[in-house]
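Worksheet: one structure, shown below.
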Amino acid sequence: MRIFEHISFYSDLDLTTVSNALERVLLLKPFEYDWENDNRWSWTYDRDHIQINISWPYLSENLQEWDDSVPDGCNYSLLLISDFPLIDYEQDKYNSDFVISVLIPKYVAVLRNIAGEVYYHSGNHHAEYVKKILSITP
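Position 98 (the sequence shown) corresponds to 97 in numbering that gives the first Met the number 0; numbering is contiguous.
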């Protein structure tokens with residue numbers, strides 16, 4: 000998978016409210032919802048055919064158990080996933096520059112407005128993102 004990026008955050012809002020806010024601001028298709036014994040989640044696709052998957056476990060510490068890169072205090076996890084077949088054919092559009100300069104900043108900014116503090120903490124492009132951020136920070 001070319002794009003598999005992991006953003007986490009804390010919010011007092013429920014999953015439907017967070018999903019609806021993202022849907023409204025980013026003009027997304029309606030989210031679908033599901034759940035199991037440990038977790039609730041929603042998913043949809045954005046205009047670039049990137050899947051957005053939001054997890055909200057019943058116990059927030061489960062996020063850190065499932066992925067030790069999740070910062071403490073987060074109770075939500077958002078994955079951006081390129082599972083759409085055209086992404087493999089449109090390599091110019093869905094390259095690292097797209098992920099680092101467009102995709103991650105867009106979702107981080109919107110989530111900050113909805114939830115507050117947001118962490119892009121792992122993914123296929125995370126190391127390159129951190130390197131770019133460090134190179135422009137004085």
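Glycine is no exception: its CB is placed at the ideal position from the N, C-alpha and C atoms. Model, not experiment: these values are computed from the prediction.
Could you have a look at residue i and say whether DSSP puts it in helix, strand or coil?
{"i": "serine 18", "result": "helix"}
{"i": "aspartate 67", "result": "coil"}
{"i": "aspartate 33", "result": "strand"}
Just how far apart, CA to CA, sit residue i and residue j?
{"i": "valine 107", "j": "histidine 5", "result": "11 Å"}
{"i": "aspartate 37", "j": "serine 59", "result": "10 Å"}
{"i": "aspartate 13", "j": "serine 100", "result": "29 Å"}
{"i": "serine 54", "j": "isoleucine 2", "result": "18 Å"}
{"i": "tryptophan 42", "j": "proline 70", "result": "22 Å"}
{"i": "cysteine 73", "j": "lysine 92", "result": "31 Å"}
{"i": "arginine 23", "j": "glutamate 31", "result": "14 Å"}
{"i": "asparagine 52", "j": "valine 17", "result": "12 Å"}
Tell me which residue opens and which closes the alpha helix (DSSP H) that residue i is part of.
{"i": "tyrosine 106", "result": "103-113"}
{"i": "leucine 78", "result": "Per DSSP, leucine 78 belongs to no alpha helix (DSSP H); it is in the beta strand (DSSP E), 75-80."}
{"i": "glutamate 116", "result": "Note, glutamate 116: premise wrong, no alpha helix (DSSP H); not H, not E."}
Within 10 angstroms of the Cβ of residue i, are there 16 or more other Cβ atoms? Answer buried if so, exposed if not.
{"i": "serine 134", "result": "exposed"}
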